[in-house]
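In the working numbering, the protein residues as written are -4 to 130.
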């Protein structure tokens, strides 16, 4: 009799644990990020959810990279330092989402990563693009 009650309880606890992790749409996660500047939503064909944030900001690649790394790490994102590159042309930054965060629409067999790329448009003027990609 004890076993009959234990097995359904185990099955129920597994079911509850499986339903807690709900994927969030990429656009919702992007809009929730606290980033510098006024970034607008933009269609991005190859991004998870086909959406990204984009906008122009003042500053240098190094200063903007430091600012977004600090801001996003405070929000629980973890830098994939092997993918970080910065130069006079701009920067590339890839981060893993906070633990327990999944991005709806991530291709099977891949995990979603937050990708930020900045390109210098003119002295003191940068373009910043932010999106999720399946890696």
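Each residue gets a CB set at the ideal place from its N, CA and C atoms; glycine is no exception.
Item	Value
Touching by the beta-carbon criterion (3+ pairs, under 8 Å), the stretch 29 to 45 and the stretch 95 to 103	yes
Any alpha helix (DSSP H) of 4 or more consecutive residues that is wholly inside the stretch 22 to 109	56 to 69
Cα-Cα separation, residue 117 to residue 124	16 Å
Cβ-Cβ separation, residue 115 to residue 85 (assumed contact under 8 Å), whole Å	5 Å
Rounded Cβ spacing between residue 109 and residue 93 (contact assumed at less than 8 Å)	About 10 Å separates the two Cβ atoms, so there is no contact after all.
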